Amino acid sequence: MSIQTVSTQPYSDQKPGTSGLRKKVKVFQQQNYLENFVQSIFNSLEGFQNQTLVVGGDGRYYNREAIQIILKMAAANGFGRVLVGQGGILSTPAASCVIRKNNAFGGIILSASHNPGGPDEDFGIKYNTGNGGPAPEGITDAIYDRSKTITEYKILDASDIDLDRVASHSLGHTTIEVIDSVSDYGALMETLFDFGQIKQLVSGGSFRMCMDSLHAVTGPYAKALFERRLNAPAGTVVNGEPLEDFGGGHPDPNLVYAHDLVETMFGDNAPAFGAASDGDGDRNMILGNNFFVTPSDSLAVLAANATLVPGYRNGLAGIARSMPTSQAADRVAEKLGIDCYETPTGWKFFGNLLDAGRATLCGEESFGTGSNHIREKDGLWAVLFWLNILAVKGQSVEEIVKEHWSTYGRNYYSRHDYEGVESDKANTLMDNLRSSLGSMPGKTFGRYTIDYADDFAYTDPVDGSVATKQGVRIGFTDGSRIVFRLSGTGTSGATLRLYVESYEPDPAKHDQETQAALADLIAVADEIAQIKTLTGRDQPTVIT
């Protein structure tokens with residue numbers, strides 16, 4: 011084996027987005043494209059020689075080939091040990107768990123999360139730091155800067171590693187350990203939740219659940235946890251085999267793309283509980299019998315009931331939510347007498363709060379919830395949290411949520427995604443909004459009067475770092491909100507996201523259909539932003 015130094019030319023488009031670099035597979039398959047980005051990661055780091063690196067991905071197309079390249083480059087660049095998931099599989103939360111357990115220097119996670127997979131679809135790569143969380147902007151900016159000037163990369167001339175068998179290998183002076191993908195993560199879950207009580211619930215015969223893994227990474231984890239450790243009946247986990255193209259589906263756990271689960275949960279003789287996760291296992295959707303729980307409400311319910319669960323019995327230090335997420339969690343924090351932090355979208359912004367002990371639970375409206383047990387959002391953790399609460403309270407999902415609304419009020423909330431909008435049109439819309447922010451306060455639209463309008467900026471309370479242009483917020487005098495932002499997770503065109511929220515304290519008005527309750531506010535949003543006129547879209551692609 012010998013180390014090769016390969017000459018290369020930089021690519022201009024390797025700027026990481028909200029969570030890493032995401033492009034079409036064919037982009038990553040260009041000569042030296044992946045190698046350039048991986049070497050740029052290593053070139054931006056210091057002190058990793060002889061340290062441990064964790065590598066794994068969600069099993070999508072090109073995952074195995076990319077891992078072999080990364081292993082040989084890690085060896086050539088001087089890592090002492092690399093832990094890689096069996097079959098190249100590590101869910102994003104499991105990777106965070108493994109990084110933290112092994113005091114690794116960091117990790118490389120291969121995923122485009124909830125984006126489609128296959129030869130003509132999406133691939134992604136991101137770097138996580140030693141705390142197990144996504145690299146902060148200071149590091150991702152440094153990676154991008156290196157990618158613009160790279161002239162060479164290092165790679166070991168060696169045969170591929172057998173990824174399918176748990177074993178130890180040598181690549182030059184580097185030890186490569188193929189590890190069981192599930193065991194460390196499963197052991198961590200058992201320290202947080204009352205598996206005995208959950209087991210009684212899911213295996214007792216009177217409670218049925220359905221876990222849809224959407225042919226993505228959580229299949230092996232869900233089968234190990236629910237069907238083996240918790241004795242749920244065989245078949246509880248559906249679509250449980252990870253496939254390179256996710257079975258031709260879209261591994262995004264929402265009401266549109268997880269349609270099979272939705273049909274099951276809203277059909278005749280529906281199970282009591284349903285859940286789905288996404289491509290890399292960090293998102294979750296929670297359903298009851300004929301009942302959908304919004305991610306914003308899910309965060310609030312988990313926070314309000316956290317002390318029922320062993321891992322959180324001593325209470326919460328604080329709650330953190332992304333800015334577009336509804337303010338339901340704020341009301342729980344206020345009642346508990348703890349802080350609630352509003353951050354930009356992107357899990358990396360929660361890391362400092364978690365590390366500093368300021369927050370315990372975190373959540374995003376994009377179906378992501380998590381806690382201080384790792385530094386990523388965690389889909390199966392949220393499912394287990396819900397099951398633990400259900401087991402303790404002996405109520406249905408719908409009863410728990412409606413009881414929560416009666417205590418805290420209901421935040422009617424919806425997100426409208428306009429996917430694949432031409433980038434120039436999307437940018438024009440946002441530019442127009444930003445240029446008119448100063449003149450908005452005091453304007454009236456029907457029964458709504460604008461109280462404030464701003465372009466959200468965030469100063470990190472731990473390290474003082476500043477993030478600007480994080481989304482346009484427009485707040486009304488009755489507490490309603492609309493938010494506009496462009497997503498950083500797509501690979502073509504732009505995704506415009508509109509978030510609409512209205513607070514209703516009266517329990518007698520808690521049973522309205524969400525889109526009907528928000529209809530006037532949705533119309534105001536279109537009038538202010540001219541969505542239909544500028545995008546040419548009459549309807550959103552996805553409504554959640």
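Number 366 in our numbering belongs to position 356 of the sequence shown; there are no gaps in the numbering. Idealized CB from N, CA, C, for every residue including glycine. Since the structure is predicted, the reported quantities are computational estimates derived from the model, not experimental observations.
Of all the options the options, which has the alpha carbon lying nearest to the alpha carbon of residue i?
| i | options | result |
| --- | --- | --- |
| Y72 | G148, P126, L309 and L55 | P126 |
| L120 | S475, W357 and R70 | R70 |
| L240 | V108, L397 and C372 | L397 |
| T389 | L400, S376 and F47 | Sequence inspection shows Gly at residue 389; the Thr mentioned does not correspond to that position. Nearest C-alpha to G389: S376. |
| P305 | L265, E273 and D521 | L265 |
| N362 | L447, S157, I410 and D473 | D473 |
| N138 | F301, L55, V192 and L224 | L55 |
| G214 | V94, A401 and F38 | A401 |
| C220 | G430, L439 and G284 | G284 |
| F494 | I460, L544, E523 and R425 | R425 |
| A327 | I149, D349 and Q19 | D349 |
| K403 | I153, A314 and S490 | A314 |
| T353 | A369, D365 and R331 | R331 |
| A539 | K519, R156, N113 and D441 | D441 |
| L271 | G258, N249 and E537 | N249 |
| K643 | D516, D365, R491 and F486 | Residue numbering for the chain in the displayed model covers 11 to 554; residue 643 lies beyond these limits and cannot be assessed. |
| K479 | Q40, Y418, A467 and D488 | A467 |
With the cut-off set at 7 Å, would you say residue i and residue j are in Cβ contact?
| i | j | result |
| --- | --- | --- |
| I532 | V510 | yes |
| G117 | V64 | yes |
| F133 | V35 | yes |
| D170 | Q78 | yes |
| A286 | D222 | yes |
| D290 | S101 | yes |
| G277 | P252 | no |
| V188 | L198 | no |
| I51 | L166 | no |
| P320 | D204 | yes |
| I394 | S381 | In the sequence on display, residue 394 carries Leu and not Ile. Against a cut-off of 7 Å, the Cβ pair of S381 and L394 comes out as no contact. |
| L528 | Y422 | yes |
| G182 | A85 | yes |
| F256 | V247 | no |
| P144 | W391 | no |
| S106 | I384 | yes |
| T505 | K435 | no |
| G481 | M295 | no |
| E344 | R420 | no |
| Q59 | G88 | yes |
| E386 | D292 | yes |
| E162 | T18 | yes |
| A535 | L496 | no |
| P451 | Y462 | yes |
| L224 | G259 | yes |
Just mark residue i as buried or exposed, buried being the case when its beta carbon has 16 or more other beta carbons within 10 Å.
| i | result |
| --- | --- |
| K164 | buried |
| P243 | exposed |
| Q600 | Outside the shown range of the chain, which is 11 to 554, sits residue 600, and nothing can be said about it. |
| Y231 | buried |
| M11 | exposed |
| E131 | buried |
| V16 | exposed |
| V176 | exposed |
| G325 | exposed |
| R238 | exposed |
| V476 | exposed |
| R457 | exposed |
| S216 | exposed |
| Q24 | buried |
| D548 | exposed |
| N568 | Outside the shown range of the chain, which is 11 to 554, sits residue 568, and nothing can be said about it. |
| S323 | Reading off the sequence shown, one finds Arg at residue 323, where the question assumed Ser. R323 should be labelled exposed. |
What does DSSP give as the partner residue(s) for residue i in the beta ladder?
| i | result |
| --- | --- |
| R495 | R507 |
| S512 | Y422 |
| P144 | N138 |
| Q14 | I165 |
| G184 | One detail in the question is off: residue 184 reads as Thr in this sequence, not Gly. Paired residues: L181. |
| D464 | R483 |
| F455 | Y458 |
| A9 | Shown here, the chain extends from 11 to 554; a query on residue 9 therefore has no answer. |
| S287 | N294 |
| S332 | T353 |
| F133 | K33 |
| G559 | This structure gives no information on residue 559, because the portion of the chain shown stretches from 11 to 554. |
Give, in chain order, every unbroken run of the beta strand (DSSP E) that is at least 3 residues long and sits entirely within the region 301-330.
301-303
Ranges of the alpha helix (DSSP H) found wholly within the region 16-88, counting only runs of at least 4:
35-38, 43-53 and 73-87
Length-filtered (4 minimum) alpha helix (DSSP H) runs lying within the region 336-402
338-346 and 358-365
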